[in-house]
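Novice: Below you'll find the structure I mean.
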Amino acid sequence: MTLAPFVQIVARGKGRARSLTMAEAQEAMTLILKGDAAPEAVGALLMVLRLRGETPEEIAGFTAALRGHVDGHLPRADIDWPSYAAGRSRGAPLFLLAARLVGRAGYRVSMHGWNSHQSTAASVREAVELAGPNVTYTALEDLSPAAFALLNLRDTFGLRSCINTVLRMWNPSGAALSVQGVFHPSYRSLQAQAAQMLGQQALCIIKGGGGEFERHPSKTITVFGLRDGAHIQEPAEPIAHDTRRLHEPGAPVDLRALWFGADSDPFAIATIKGTAAVALWALKAAPTLTDAEIMARQLWEQRHQTESLSA
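Using numbering that gives the first Met the number 0, the letters of the sequence shown correspond one by one to residues 0 to 310.
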């Protein structure tokens, strides 16, 4: 079978085109990942969806196909933490230290990703060793060369495609909880609906710095996603009063110095603790966000003690 019938469905023209069902989207992405689709058809399908905007059914179907395609999934973790932000405006990956605090609470964190067009100071891979023993990172190109090739079509199209969203939805470790950062707020609801269609019970999505799961500590944010299978929109009040941007180009942050106490940037530390708090609340490590913020603060203060407490 070719991809042509699926391209026809979405691109027939005004009044005749329609969205793919979840089953159709899964079948189409399965063809793509197997290498059975002509590259021209792949480009046509992805760019039509980009222009029109993807539906939850399409994202759910594509994600189901990716989950079914990859052999040798990652070891099971407690929390799936995708990292697929790109761009030169990103600063130091403070979320790595937030993940380390979650790991210190005894939870297994599985990160996977690909981060292109970033400066050395913003590189996740350069700093991932600072994430600690309970946090693993797997590069996309090692995990799924086929998905990696699809993501890199951005260099051909000059535009992102829905693959960026699908990779965030993937959860290759089969963790009970997935945390996701988005750049465009509209994607929060889209991803939550798709996750519910996939039978996921726990999902935590925030508008994060550059599309990473990283909380701005001086802004009120809304936590979208799923809790016990039901949709949530939970407000989180500011925990800092500095009005600066999340990543100031003129204020680089040294993660190692921050963790070991040689630097004490209050805004960066608030970002780390605030991000960890949202993840801990989503894990039900604390009953309320306020309690989770207290827990994150204690974990930060005790960070130089023996790693890994019991959850």
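The beta-carbon is built from N, C-alpha and C at its ideal position, and this holds for glycine as well.
What is the rounded straight-line gap between the Cα of A269 and the Cα of I293?
Specialist: Cα-Cα distance, rounded: 12 angstroms.
Novice: Let me confirm a value: T164 is counted as buried when at least 16 other C-beta atoms fall within 10 Å, else exposed. Which label applies?
Specialist: Buried.
Novice: Quick one: is Q7 buried, meaning 16 or more other Cβ sit within 10 Å of its Cβ, or exposed?
Specialist: That one is exposed.
Novice: Can you give me the Cβ contacts of R17 inside the same chain, cut-off strictly under 7 angstroms, excluding the 5 residues immediately before and after it?
Specialist: Correct list, in chain order: I8.
Novice: Bridge partners for I238 per DSSP, in chain order?
Specialist: Answer is none; I238 lacks a bridge partner.
Novice: Touching or not, the stretch 197-205 and the stretch 166-179, by the rule of three or more beta carbon pairs under 8 angstroms?
Specialist: With a cut-off of 8 angstroms, the stretch 166-179 and the stretch 197-205 count as touching, because enough Cβ pairs lie within range.
Novice: Among the candidates A120, S160 and H116, whose CA atom is the shortest distance from the CA of I58?
Specialist: Looking at the Cα atoms, S160 is the closest of the given residues.
Novice: Whose CA, out of L50, I78 and M28, lies closest to the CA of W280?
Specialist: It is I78.
Novice: Using DSSP bridges, identify the partner residues of R226.
Specialist: Its beta-bridge partners are A229.
Novice: Let's test the definition: count the other Cβ atoms within 10 Å of the Cβ of L254 and tell me whether it reaches 16, buried, or not, exposed.
Specialist: By the 10 Å Cβ count, L254 comes out buried.
Novice: Can at least three beta-carbon pairs, one atom from the stretch 97-108 and one from the stretch 259-278, be found at a separation below 8 angstroms?
Specialist: Yes, since at least three Cβ pairs between the stretch 97-108 and the stretch 259-278 fall closer than 8 angstroms, the two stretches touch.
Novice: Would you mind working out which of V134, S118, T62 and A3 sits nearest A43, comparing C-alpha positions?
Specialist: It is A3 whose Cα lies nearest to the Cα of A43.
Novice: Measure the Cβ-Cβ separation of A267 and V252 and say whether it is below 8 angstroms.
Specialist: Contact: yes.
Novice: Within the same chain, show all residues whose beta-carbon is closer than 6 angstroms to that of I162, passing over the 5 residues directly before and after it, in chain order.
Specialist: For I162, where only same-chain residues beyond five positions count, the Cβ hits under 6 angstroms are L149 and L150.
Novice: Mind checking S263: buried by the 16 CB within 10 Å criterion, or exposed?
Specialist: That one is exposed.
Novice: In this structure, how does DSSP classify Y186 when only helix, strand and coil are distinguished?
Specialist: The answer is helix: DSSP assigns Y186 an H, G or I state.
Novice: Can you check whether the CB of A193 is closer than 8 angstroms to the CB of T62?
Specialist: Contact: yes.
Novice: Is A138 near the ligand GTP, with its Cβ less than 7 angstroms from a heavy atom?
Specialist: Ligands displayed in this structure: none; no statement on the ligand GTP is therefore possible.
Novice: Please name the residue or residues paired with A138 in a DSSP beta bridge.
Specialist: According to DSSP, A138 bridges with G112.
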